[in-house]
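*Asks:* Chains as they are written, first to last, in the numbering used here: chain A, 442 to 876; chain B, 442 to 876.
Number of protein chains: 2
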Amino acid sequence: MKTQAEHARSGRTTPAMEAVAAVERVPATVVMAELASGRAVLPFNPAHRGLEPAIAGIAFRTKVNANIGRSGGASGDGCELGKLRAALRAKADFIMDLSVGPRLAGLRRRMLAACPKPFGTVPIYEAIERVRGRAEALTAEGLLSVIESQARQGVDFMTLHAGLRLRDLPLAARRKAGIVSRGGALIARWMASHRAENPLYSRWNDVMDICRSHDVTVSLGDGLRPGCLADAGDRAQFSELDTLGELVRRCRGRGVQVMVEGPGHVPLNRIPAQVRREARVCGGAPFYVLGPVVTDVAAGYDHISAAIGAASAACHGAALLCYVTPAEHLGLPTSREIHEGVMAFRLAAHAGDVARGLPGARDWDDAMTEARIRFDWKRQFRIALDGDRARRRYIQGRRARAPGSDFCSMCGRDYCAIRNSKKLCGALDSRAGRG
Amino acid sequence: MKTQAEHARSGRTTPAMEAVAAVERVPATVVMAELASGRAVLPFNPAHRGLEPAIAGIAFRTKVNANIGRSGGASGDGCELGKLRAALRAKADFIMDLSVGPRLAGLRRRMLAACPKPFGTVPIYEAIERVRGRAEALTAEGLLSVIESQARQGVDFMTLHAGLRLRDLPLAARRKAGIVSRGGALIARWMASHRAENPLYSRWNDVMDICRSHDVTVSLGDGLRPGCLADAGDRAQFSELDTLGELVRRCRGRGVQVMVEGPGHVPLNRIPAQVRREARVCGGAPFYVLGPVVTDVAAGYDHISAAIGAASAACHGAALLCYVTPAEHLGLPTSREIHEGVMAFRLAAHAGDVARGLPGARDWDDAMTEARIRFDWKRQFRIALDGDRARRRYIQGRRARAPGSDFCSMCGRDYCAIRNSKKLCGALDSRAGRG
Chain A
442 MKTQAEHARS GRTTPAMEAV AAVERVPATV VMAELASGRA VLPFNPAHRG LEPAIAGIAF
502 RTKVNANIGR SGGASGDGCE LGKLRAALRA KADFIMDLSV GPRLAGLRRR MLAACPKPFG
562 TVPIYEAIER VRGRAEALTA EGLLSVIESQ ARQGVDFMTL HAGLRLRDLP LAARRKAGIV
622 SRGGALIARW MASHRAENPL YSRWNDVMDI CRSHDVTVSL GDGLRPGCLA DAGDRAQFSE
682 LDTLGELVRR CRGRGVQVMV EGPGHVPLNR IPAQVRREAR VCGGAPFYVL GPVVTDVAAG
742 YDHISAAIGA ASAACHGAAL LCYVTPAEHL GLPTSREIHE GVMAFRLAAH AGDVARGLPG
802 ARDWDDAMTE ARIRFDWKRQ FRIALDGDRA RRRYIQGRRA RAPGSDFCSM CGRDYCAIRN
862 SKKLCGALDS RAGRG
Chain B
442 MKTQAEHARS GRTTPAMEAV AAVERVPATV VMAELASGRA VLPFNPAHRG LEPAIAGIAF
502 RTKVNANIGR SGGASGDGCE LGKLRAALRA KADFIMDLSV GPRLAGLRRR MLAACPKPFG
562 TVPIYEAIER VRGRAEALTA EGLLSVIESQ ARQGVDFMTL HAGLRLRDLP LAARRKAGIV
622 SRGGALIARW MASHRAENPL YSRWNDVMDI CRSHDVTVSL GDGLRPGCLA DAGDRAQFSE
682 LDTLGELVRR CRGRGVQVMV EGPGHVPLNR IPAQVRREAR VCGGAPFYVL GPVVTDVAAG
742 YDHISAAIGA ASAACHGAAL LCYVTPAEHL GLPTSREIHE GVMAFRLAAH AGDVARGLPG
802 ARDWDDAMTE ARIRFDWKRQ FRIALDGDRA RRRYIQGRRA RAPGSDFCSM CGRDYCAIRN
862 SKKLCGALDS RAGRG
């Protein structure tokens, strides 16, 4: 079996490429070229039944990933499937299950069956569960065995913290917030206790063999992503990034699809340089950012803080945005918070697409504006980012209006700017003999 | 009586300047210099009893304005006072009352008495009410009389749409969304029906006389702000901006404090140039932006869309951010939505301050990070942007935790990255003989 990247490089389009070309409204040859160059990934594990192909890359609509998953005692399986449905209803493009704890394989099987979107995992969570939570007891074989079993199950992409090296630990120890990546901290504990190199790094060829044979897209985890503004862009982060650049080259050499994960917590003014640096160091591999949040103080509003950072990242070239929910830094998100997070991030992704001039991106805004100036509320609710919410909120204010009125409840009839402006334009038009 | 700008230009600091200097942690001479140059405004009407002085300008913390006010039948007076309290509780820095309809003066008197923050209005709303909603019946004398009576009441700053000129109407008529400024559309209707110049513009010297004698800060309204992405940065907008630049110079010539209002709806990539252009055309007068929203499709989430634009604007030099609430484009905000809007904008303002390197801005983030890595939840809730919300959300997830535990409910105990990272750092430190 060949990976999508290998097919692309041999100049062949696949049904999956054709499907995404139709969705993205570009020729299939563009999809092929982007996959061949490694600037895009099409996570498409043939074992994932019912998957609708989706692509992430600079030439395409910016995508949004929703993380779900239970932790310890919190959130039973039924609930996680409910969260998956909430994320899908809100139109997340990619889904990651970050569950830890017992019986992960069964939960994952049910999720994969219910998820038509590219589905990702962090295999170290299952590996650590198999050794009952003792990071020190992890083995390279154990990790590879989990990666392989998840690949067989149909996982489309996997976060692998292979770039966090033994040499980076002293750099991480100097930080204000240390290591805030759950997988990264586990790998770091293992390296520190064994005084040995990261097993994912030392066994990278074996990892690639598995990913290649199942066409699992590698998502290179940033175990040293900054966990606060103070740590953004420090030596630890960029030392790991250099290794990620090396691993990207090795993936490409083996025909494995690869993208690169990014921060985290970054001051707004430094996001453009972070995105450019990833592109340079990692040869244009799709950048998959977590937020980033642009302040550390906004617990309860981190979906907004992160949407600000994500919009800037998308504007400057990030291809996939991992959402952050209002529960970030406080707990696991509820279905409602998942909805909020996906919506905030779809908004950020679209704002980024408009800002970077993605062809056709602004058509959506223009259509909304046309409906708005015509007071065509039904059409506004049909095409809005979240028409259900807009409709509910509009109805709530309707006590102040007659039904079907040509003004909203913000200004009231006599003061409605659009109403006044339209009258005015009508008057100017008729004077100019245009109507 | 002299205005704060005149005192500053004569090299004298006032008690109000000293008060803001203490709050902003800068020498009073910095406040004086910024006011003298016109790069800052200190809206401080001596008739506004109980006002705590606050300054808006590039050298200081970015401020957030909350709009409140009733429209037509919606939201009675008691309710507007409740909304004022909601905005103050959420720590809005400036308040504007945009009420239209009957009995505005009495409502305003009660609001001014209850508002220790700079308080602004849009006098044309009361002027139009006095002519029972018929824009055509407005007179220059009527407008001046309202401006004067509001100045006597203690209004600290007023939005005056004086820059929208007769010559601009054909430009506005060509737009996709026309005129979306409520005051701007009223002025435009008046000009179109009388075929005469904007009375605020033709009587600008008289307007300035009133503002000077009460030290009312002029906020030059942008009647032609774009109401959709398609209209952003068009000839109509920039034609008005040129007039605003002229009016800024005239205000400064008369010792009147002045700031300039800005859009509205702007694609994210074009915000920096919009901010720079205002600074150039208006001689560095404080830029007071409404959002801007960065997409037209996000009704129900426009506080997030606008926070994205506002953070970018603040990062590039906007001094005052007018919030947008989740009700924008759909109705008048409830107290709860006012809270959401203020919080989203305080977040954006702070992110902007950190990004533009305002001295000391990041201390807040660093303090939050220190509390976070110590698992000092009480301190986090004490200093967070919205500690009450953070606490409530944290408690909601606590079922999964023992009280006082050293991990949050996101990862659970065994997988807590911070916990693992701290163990690791402790181990590395003790090996290095540091602990």
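Glycine included, each C-beta is placed from N, C-alpha and C at the ideal position. Fair warning: this is a prediction, and the values are worked out from it, not measured in the lab.
For A/Gly703, does the three-state DSSP call read helix, strand or coil?
*Replies:* A/Gly703: strand per DSSP, three-state reduction.
*Asks:* Taking buried to mean at least 16 other C-beta atoms within 10 Å of its own C-beta, is A/Val572 buried or exposed?
*Replies:* When all chains shown are included, A/Val572 counts as exposed.
*Asks:* Since B/His791 meets chain A, which of its residues come closer than 7 Å, beta carbon to beta carbon?
*Replies:* Per Cβ cutoff of 7 Å: Thr736, Val738.
*Asks:* Do the CB positions of A/Val621 and A/Arg666 come within less than 8 Å of each other?
*Replies:* Taking 8 Å as the Cβ cut-off, A/Val621 and A/Arg666 qualify as a contacting pair.
*Asks:* Taking the alpha helix (DSSP H) that B/Cys652 belongs to, which residues open and close that run?
*Replies:* Where B/Cys652 is concerned, the enclosing alpha helix (DSSP H) stretches over 645-655.
*Asks:* So what does DSSP say about B/Lys532, is it helix, strand or coil?
*Replies:* Note: B/Lys532 maps to coil in three-state DSSP.
*Asks:* Using only alpha-carbon positions, find the residue among B/Pro708, B/Arg502, B/Ala500, B/Leu522 that is nearest to B/Gly510.
*Replies:* Of B/Pro708, B/Arg502, B/Ala500, B/Leu522, the residue nearest in Cα terms is B/Leu522.
*Asks:* Nearest to B/Leu607 by CA position, among B/Ala618, B/Arg615, B/Trp631, is which residue?
*Replies:* Here the closest residue by C-alpha is B/Trp631.
*Asks:* Name the one or two DSSP bridge partners that A/Ala497 has.
*Replies:* Answer is A/Val482, bridged to A/Ala497.
*Asks:* Three Cβ pairs or more, each shorter than 8 Å: is that satisfied between the region 639-646 of chain A and the region 578-588 of chain A?
*Replies:* Yes, the region 639-646 of chain A is in contact with the region 578-588 of chain A.
*Asks:* Within this structure, are the beta carbons of B/Leu762 and B/Gly662 separated by less than 8 Å?
*Replies:* No, these two residues do not count as a Cβ contact at 8 Å.
*Asks:* Relative to the alpha-carbon of A/Gly574, which residue among A/Leu610, A/Val467, A/Gly624, A/His635 has its alpha-carbon at the smallest distance?
*Replies:* Nearest of A/Leu610, A/Val467, A/Gly624, A/His635 to A/Gly574, Cα basis: A/Gly624.
*Asks:* Could you tell me which residues DSSP puts in a beta bridge with B/Phe728?
*Replies:* For B/Phe728, which the question treats as bridged, DSSP gives the partners B/Val701.
*Asks:* List the residues of chain B that A/Trp645 touches, going by C-beta distances under 7 Å, in chain order.
*Replies:* Within chain B, no residue comes near A/Trp645; the closest Cβ sits about 23 Å away, beyond 7 Å.
*Asks:* Tell me, please, whether the region 467-474 of chain A touches the region 705-723 of chain A by the rule of three or more beta-carbon pairs shorter than 8 Å.
*Replies:* At 8 Å Cβ cutoff, the stretches do not touch.
*Asks:* Check whether the region 677-691 of chain B touches the region 718-736 of chain B, counting contact only when three or more Cβ pairs, one atom from each stretch, lie closer than 8 Å.
*Replies:* With the cut-off at 8 Å, the region 677-691 of chain B and the region 718-736 of chain B touch.
*Asks:* Could you list which residues in chain B have their beta carbon closer than 7 Å to that of A/Gln821, in chain order?
*Replies:* Those within 7 Å of A/Gln821 in chain B are Ala740.
*Asks:* Just the C-alpha distance for A/Ala546 and A/Arg593, rounded to the nearest angstrom, thanks.
*Replies:* Approximately 11 Å, taken between the alpha carbons.
*Asks:* Kindly list the residues whose CB is nearer than 6 Å to the CB of B/His780, restricted to its own chain and excluding five residues on each side of it in sequence; keep chain order.
*Replies:* Excluding residues within five positions, the ones whose Cβ falls inside 6 Å are Ala527, Ala531.
*Asks:* Roughly how many angstroms lie between the CA atoms of A/Gly595 and A/His489, to the nearest whole one?
*Replies:* Distance between the alpha carbons of A/Gly595 and A/His489: 4 Å.
*Asks:* For a contact meaning CB atoms closer than 8 Å, what does A/Leu709 contact in chain B?
*Replies:* Near A/Leu709 (Cβ distances below 8 Å), the residues of chain B are Ala752, Ser753, Cys756, Ala792, Gly793, Val795, Ala796.
*Asks:* Roughly how many angstroms lie between the CA atoms of B/Thr775 and B/Val707, to the nearest whole one?
*Replies:* Using only the alpha carbons, I get a separation of about 26 Å.
*Asks:* Applying a beta-carbon distance threshold of less than 7 Å, which residues of chain A neighbour B/Thr810?
*Replies:* What B/Thr810 touches in chain A: Lys617, Ala618, Cys669, Ala671, Asp737.
*Asks:* Short of 7 Å Cβ to Cβ, which residues in the region 521-545 of chain A face chain B?
*Replies:* Listed by position, the residues of the region 521-545 of chain A near chain B (Cβ gap below 7 Å) are Val541.
*Asks:* Only counting the same chain, and skipping five residues up and downstream in sequence, which positions put a Cβ closer than 8 Å to that of A/Arg395?
*Replies:* With chain A running from 442 to 876 in the structure shown, residue 395 of chain A is simply not present.
*Asks:* Considering Cα atoms alone, identify which of B/Ile824, B/Ile628, B/Ala446 is closest to B/Gly498.
*Replies:* Of B/Ile824, B/Ile628, B/Ala446, the residue nearest in Cα terms is B/Ala446.
*Asks:* Less than 6 Å between C-beta atoms, sequence neighbours within five positions excluded: which residues of the same chain meet that for B/Asn508?
*Replies:* Only Met537, Leu539 meet the Cβ criterion.
*Asks:* Could you tell me if A/Gln591 is buried or exposed, where buried requires 16 or more neighbouring beta carbons within 10 angstroms of its beta carbon?
*Replies:* Buried, because 16 or more other Cβ atoms sit within 10 Å of the Cβ of A/Gln591.
*Asks:* Compare the C-beta of A/Arg502 against all C-beta atoms of chain B and say whether one is closer than 8 Å.
*Replies:* By this cut-off, A/Arg502 is not an interface position.
*Asks:* Going straight from the alpha carbon of A/Thr877 to that of A/Pro487, what length do you get?
*Replies:* Residue 877 of chain A lies beyond the range of chain A shown here (442 to 876); nothing can be said about it.
*Asks:* Could you give the residue range of the alpha helix (DSSP H) that holds A/Thr766?
*Replies:* Counting along the chain, A/Thr766 falls outside any alpha helix (DSSP H), and DSSP gives it neither H nor E.
*Asks:* Can you tell which of B/Arg653, B/Ser654, B/His655, B/Leu610 has the C-alpha that lies nearest to the C-alpha of B/Asn639?
*Replies:* Cα-wise, what sits closest to B/Asn639 is B/Leu610.
*Asks:* With a 10 Å radius around its C-beta and 16 neighbouring C-beta atoms as the bar for buried, classify A/Ser660 as buried or exposed.
*Replies:* Buried: at least 16 other Cβ atoms inside 10 Å.
*Asks:* Measure the C-alpha to C-alpha separation of A/Phe535 and A/Phe501 and round it to an integer number of angstroms.
*Replies:* Cα to Cα, the separation comes out at about 14 Å.
*Asks:* Which residues, in order along the region 627-654 of chain A, keep a beta-carbon less than 7 Å from a beta-carbon of chain B?
*Replies:* Residues passing the 7 Å Cβ filter: Leu627, Ala629, Arg630, Ala633.
*Asks:* Below 8 Å between beta carbons is the criterion; list the residues of the region 554-576 of chain B that meet it against any residue of chain A, in chain order.
*Replies:* The region 554-576 of chain B vs chain A, Cβ under 8 Å: Tyr566, Ile569, Gly574, Ala576.
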